[in-house]
Each structure stands twice: as C-alpha cells, then as structure tokens.
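Colleague: One structure follows; several queries about it will come next.
Residue numbers (the numbering used here), protein chains in the order written: chain Y, 14 to 126; chain X, 218 to 326.
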C-alpha cells in the first residue's frame with residue numbers, strides 16, 4: 014500500500030468558518046508534509062512533521078494550524094481564511110525527512126468564499 | 218541559483234521519445250524525484266533516484282543524473298497520449314522537497 018489518503022476532496026468555506034483537512038498513510042512513514050498549490054504553479058511547502066514533531070514551518074500564517082495526532086495521521090486546521098488561500102492542499106509522506114520515496118495524496122481543493 | 222529549473226513546455230509526436238530536463242540546486246541533495254500531475258489531480262510519483270546513482274530505468278522511463286553539473290533528465294520512450302501532463306522535477310534539500318516550476322508535455326498526433 015503506497016497510498017496517502019486526503020479528505021475531503023473538495024471544501025468550500027466562508028471566511029469566518031473553522032474546518033479541518035485530514036491526511037492518512039499506513040506505510041509506516043515518519044515524515045509528513047503539507048503543501049499548497051495554486052493554479053499553474055508548483056507545490057509550495059508549508060509544514061514538515063518528523064516523528065510526530067513539527068520540524069519545519071515555512072512562515073505560514075497562524076490561520077493554518079497543523080497537528081499530528083499519531084504517526085499515521087496529519088491534520089490541517091483552518092480558521093479565518095482569506096479568498097487568496099483558495100488552492101489545492103497536498104499532503105505527502107516519506108520514510109523520514111531525508112527522503113526516499115515521497116508519496117503525495119490527491120489533495121483537497123479548497124475554495125474560500 | 219536557488220531554484221530548481223525546468224523548461225516550461227515540450228511538444229512531442231506520439232510514438233517518439235520525450236526528454237524533460239532539470240537543473241537542481243544542491244549537490245548534497247540525497248534524493249531527486251520526477252512527478253506527473255494531470256489536470257485537477259494530485260502528484261503521482263513516477264520515479265526517484267538516489268544521488269549516488271547515475272541512471273535508473275523503469276519500463277518506459279529512464280532517469281539520468283549528472284551530479285557534477287547538477288542535471289537530471291527524464292526520458293519517456295514511445296510517448297502516448299496518456300503521457301500528456303505536467304512533469305515536476307524535485308529535490309530533497311535540507312529535509313524539504315523542493316519543486317521546479319514543471320514542464321507541460323503536449324503530445325502531437
């Protein structure tokens with residue numbers, strides 16, 4: 014099983030809403046990542062978790078709050094987002110943060126209205 | 218430079234080989250990746266190569282790595298219409314996976 018599963022696939026939220034994105038993998042990977050991808054652009058790194066601890070935060074605004082409840086699960090909590098935060102949010106995992114195969118999920122298409 | 222560089226567009230006739238080139242930034246990068254992204258979809262890992270290798274072949278895909286020039290290429294043999302997509306080169310640098318801007322592969326009939 015080389016699958017990274019993201020839910021929901023699509024999400025529409027208002028600027029005052031609170032919502033969460035979920036990512037799950039069962040490959041025993043110990044590094045998990047959140048990326049943001051705008052249309053016609055490459056993915057941009059937001060956060061890296063290594064062994065369930067936040068190891069990298071790419072100066073992401075605090076309205077995005079990551080959480081890693083266990084080694085298989087990664088959440089991204091969203092609050093008070095702006096329309097410019099609308100994008101495809103991608104989760105990835107690797108054996109550890111130094112690399113090996115890095116698998117991505119299908120993403121959550123987020124629209125902020 | 219700081220960026221992973223790729224040409225933005227490649228047009229190839231069906232049945233020919235496609236070669237997508239990439240220049241990465243850090244000679245100490247351990248793993249280098251090629252991803253395929255179709256419209257509206259996530260990233261599909263096509264192949265990856267460890268930095269102590271200079272070539273890797275997997276069915277129609279051949280990856281060549283020139284560490285001295287920090288140059289990576291992906292060759293797709295017998296290109297098919299289903300290969301039409303954006304191809305991203307990426308490197309693992311400082312525990313981050315950093316992407317190039319992507320090459321859009323267009324298949325001519």
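Note that beta-carbon positions come from the ideal geometry of N, C-alpha and C, so glycine has one too.
Just so you know, these numbers come straight off a predicted model, no measurement behind them.
Check residue 231 of chain X in the structure and name its three-state DSSP category.
Modeller: Of the three classes helix, strand and coil, the one that applies to residue 231 of chain X here is coil, per DSSP.
Colleague: State the Cα-Cα distance for the pair residue 266 of chain X and residue 292 of chain X, rounded to the nearest angstrom.
Modeller: Roughly 14 Å between the two C-alpha positions.
Colleague: Between the region 50-59 of chain Y and the region 87-107 of chain Y, do three or more beta carbon pairs fall short of 8 Å?
Modeller: The region 50-59 of chain Y, when compared against the region 87-107 of chain Y, does touch it at the 8 Å Cβ threshold.
Colleague: DSSP three-state label for residue 300 of chain X, please.
Modeller: Correct three-state label for residue 300 of chain X: helix.
Colleague: Does the structure place the region 318-325 of chain X close enough to the region 256-263 of chain X that three or more beta carbon pairs sit under 8 Å?
Modeller: Too few Cβ pairs lie closer than 8 Å, so no.
Colleague: Who are the near neighbours of residue 116 of chain Y in its chain, counting only those whose CB is closer than 7 Å to its CB and skipping five residues on each side?
Modeller: Excluding positions up to five away in sequence, the list reads 15, 17, 105 and 106.
Colleague: Go through its chain and collect everything with a Cβ distance to residue 56 of chain Y's Cβ below 6 Å, but skip five positions before and after it.
Modeller: Same-chain partners within the cutoff: 48, 50 and 103.
Colleague: Return the bridge partner residues of residue 83 of chain Y from the DSSP annotation.
Modeller: Paired residues: Y/86.
Colleague: Please confirm if residue 105 of chain Y has its CB atom under 9 Å from at least one CB of chain X.
Modeller: So, interface residue.
Colleague: Rounded to the nearest angstrom, what separates residue 295 of chain X and residue 114 of chain Y at their Cα positions?
Modeller: Approximately 25 Å, taken between the alpha carbons.
Colleague: So, is the C-beta of residue 77 of chain Y closer than 9 Å to a C-beta in chain X?
Modeller: No, no contact with chain X.
Colleague: Tell me whether residue 20 of chain Y is buried or exposed, calling it buried when 16 or more other Cβ atoms sit within 10 Å of its Cβ.
Modeller: Flag for residue 20 of chain Y reads exposed.
Colleague: Need the endpoints of the beta strand (DSSP E) that residue 57 of chain Y sits in, please.
Modeller: Looking at the DSSP string, the run of the beta strand (DSSP E) that includes residue 57 of chain Y is 57-63.
Colleague: Any beta carbon from chain Y within less than 9 Å of residue 318 of chain X's own beta carbon?
Modeller: By this cut-off, residue 318 of chain X is an interface position.
Colleague: Using a Cβ-Cβ distance cut-off of 9 Å, determine whether residue 144 of chain Y contacts chain X.
Modeller: Nothing can be reported for residue 144 of chain Y, as the shown portion of chain Y is limited to 14 through 126.
Colleague: Which class does residue 98 of chain Y belong to by DSSP, given the choice of helix, strand or coil?
Modeller: Here residue 98 of chain Y sits in helix by DSSP.
Colleague: For residue 262 of chain X, does the three-state DSSP call read helix, strand or coil?
Modeller: Correct three-state label for residue 262 of chain X: strand.
Colleague: Looking at residue 123 of chain Y: is its Cβ nearer than 9 Å to the Cβ of residue 61 of chain Y?
Modeller: For residue 123 of chain Y and residue 61 of chain Y, no; Cβs fall outside 9 Å.
Colleague: Is it buried or exposed, residue 38 of chain Y, if we count other Cβ atoms within 10 angstroms and call 16 or more buried?
Modeller: Counting Cβ neighbours within 10 Å, residue 38 of chain Y comes out buried, since at least 16 surround it.
Colleague: Hey, would you say residue 251 of chain X sits closer than 9 Å to residue 278 of chain X, going by beta carbons?
Modeller: Their beta carbons are under 9 Å apart, which means residue 251 of chain X touches residue 278 of chain X by this criterion.
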